[in-house]
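Numbering (UniProt numbering), first residue to last: 1 to 313. Note that beta-carbon positions come from the ideal geometry of N, C-alpha and C, so glycine has one too. Since we're looking at a predicted model, the values are computed, not measured. As structure tokens, the structure follows; a few thoughts come after it.
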């Protein structure tokens, strides 16, 4: 859940087609649905309110702040010298201006993003969301702070990720080695108490999802959207073809723009590195974005714990 985006401003036309599959959970069996949307994704963040909402106020039995701060520090150190899954989309060119901003952060011209009210909300609610996911699915979720991508070369370790959870199911490991859990807790523009789950998977999260699956060698990911008013689980499948396109774009960004600029600045901190500045989008951006849209549109809705979509048997 390393990025935030506002709640959907306009609801797309969404059709639900019932399937005869069931998802077993601690509280019963749930009907498996598939959903296809024809709308646009939520808008990107446009700045946060200056005062925290009441929903974020600390309360007895709240989060372990010391542990949270330690985790954030460790995560920050690991991501400094790497491209992590949460910024794969930025490196490719999703969101105007973010590719150049990421480049400046990686070469030391800008301070790395340190969080805001929205990301703090996500951090605070992540444990609650994971617990709810486990209750709904009866899957086992474990955690691993960070893993690097095994590129199989002598090049420095430069790609990695930190998933919200690693999922183990009750199926034999030969049939299913488990999946990835990616949690999103929408901040809803400063009013999380009014938020509801997005009605589909925003396509711009697909680079992150595919990166997580590739790095951990898992074939599926549960995209879990948690809000104070209900939650949804979407299933995303691994797509090697999309990953190959993504890896080409990530390679170009890192070795063609970031690394040479870092080397030059290591010799002279005032060196002019403009010639290494990337354009707003990689040449493969449109191809990648189109594939992401198709995959996001096909991601089935496994469960929504808001009535009337939830069906117990």
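- Message: Considering only the alpha carbon of each residue, which of 86, 261, 251 lies closest to residue 161?
- Response: Looking at 86, 261, 251, the one whose alpha-carbon comes closest to that of residue 161 is 86.
- Item | Cα-Cα separation between residue 26 and residue 231, rounded to whole angstroms | Since pLDDT at residue 26 reaches only 38, below the 50 mark, its modelled position is unreliable, and the value read off the structure follows with that caveat. Cα-Cα distance, rounded: 16 Å.
- residue 89, buried or exposed, once every other Cβ within 10 Å from all chains shown has been counted against 16: Burial of residue 89 is indicated by the presence of at least 16 other C-beta atoms within 10 angstroms of its C-beta.
- Query: Counting pairs of Cβ atoms below 8 Å between the stretch 192–201 and the stretch 237–246, do you hit three or more?
  - Reply: no
- Cross-strand partners of residue 265 (DSSP beta bridge): For residue 265, which the question treats as bridged, DSSP gives no partner whatsoever.
- Would you mind stating whether residue 216 and residue 163 have Cβ atoms separated by less than 8 Å? yes
- Alpha-carbon to alpha-carbon, residue 168 and residue 289: 30 Å
- Which class does residue 247 belong to by DSSP, given the choice of helix, strand or coil? helix
- Can at least three beta-carbon pairs, one atom from the stretch 273–283 and one from the stretch 92–106, be found at a separation below 8 Å? yes
- Task: Rounded to whole angstroms, what's the CA-CA distance from residue 305 to residue 296? Just pull it up for me.
- Result: Computed Cα separation, rounded: 20 Å.
- Message: Helix, strand or coil for residue 227? Go by DSSP, reduced to three states.
- Response: strand
- Message: Mapping the DSSP letters down to three states, classify residue 116 as helix, strand or coil.
- Response: coil
- Message: Among 250, 300, 233, whose alpha-carbon lies nearest the alpha-carbon of residue 129?
- Response: Each of 250, 300, 233 was checked against the Cα of residue 129, and the nearest Cα belongs to 233.
- Buried or exposed: which applies to residue 270, given that a residue is buried once 16 or more other Cβ atoms fall within 10 Å of its Cβ? exposed
- Message: Using 8 Å for Cβ pairs, my map puts residue 166 next to residue 142. What's the rounded Cβ distance?
- Response: 5 Å
- Item | Sequence ranges, beta strand (DSSP E) only - wholly within the stretch 119–153, length at least 3 | 140–142
- Message: Tell me the rounded alpha-carbon separation between residue 299 and residue 176.
- Response: 19 Å
- Query: Taking all protein chains shown into account, do 16 or more other C-beta atoms lie within 10 angstroms of the C-beta of residue 188, making it buried, or fewer, making it exposed?
  - Reply: So residue 188 ends up on the buried side.
- Could you tell me which of 115, 291, 193, 182 sits nearest to residue 245, measuring between CA atoms? 291
- Cα separation between residue 247 and residue 285? 12 Å
- Task: Count the other C-beta atoms from every protein chain shown that fall within 10 angstroms of the C-beta of residue 145, then say buried if there are 16 or more, exposed otherwise.
- Result: Under a 10 Å Cβ-count criterion, residue 145 is classified as exposed, with fewer than 16 other Cβ atoms of the shown protein chains found around its own Cβ.
- Cα separation between residue 134 and residue 120? So the alpha carbons of these two residues sit roughly 22 Å apart.
- Message: Measuring only the C-alpha atoms, how far is residue 226 from residue 266?
- Response: 43 Å
- Query: Roughly how many whole angstroms lie between the Cα atoms of residue 272 and residue 257?
  - Reply: 13 Å
- Message: Just to confirm, is the Cβ distance from residue 132 to residue 179 under 8 Å?
- Response: no
- Separation of residue 229 from residue 113, as counted between CA atoms: Whole-angstrom Cα-Cα distance: 29 Å.
- Query: Is residue 253 near residue 281, with beta carbons less than 8 Å apart?
  - Reply: Against a cut-off of 8 Å, the Cβ pair of residue 281 and residue 253 comes out as no contact.
- Query: Does the beta-carbon of residue 125 have 16 or more other beta-carbons within 10 angstroms, so that it is buried, or is it exposed?
  - Reply: buried
- Item | Residue from 293, 250, 261, 97 whose Cα sits closest to the Cα of residue 158 | 250
- Message: I need the straight-line Cα distance from residue 262 to residue 148, nearest angstrom please.
- Response: 21 Å
- Task: Put residue 234 into one of helix, strand or coil per three-state DSSP.
- Result: Residue state, collapsed to three classes: strand.
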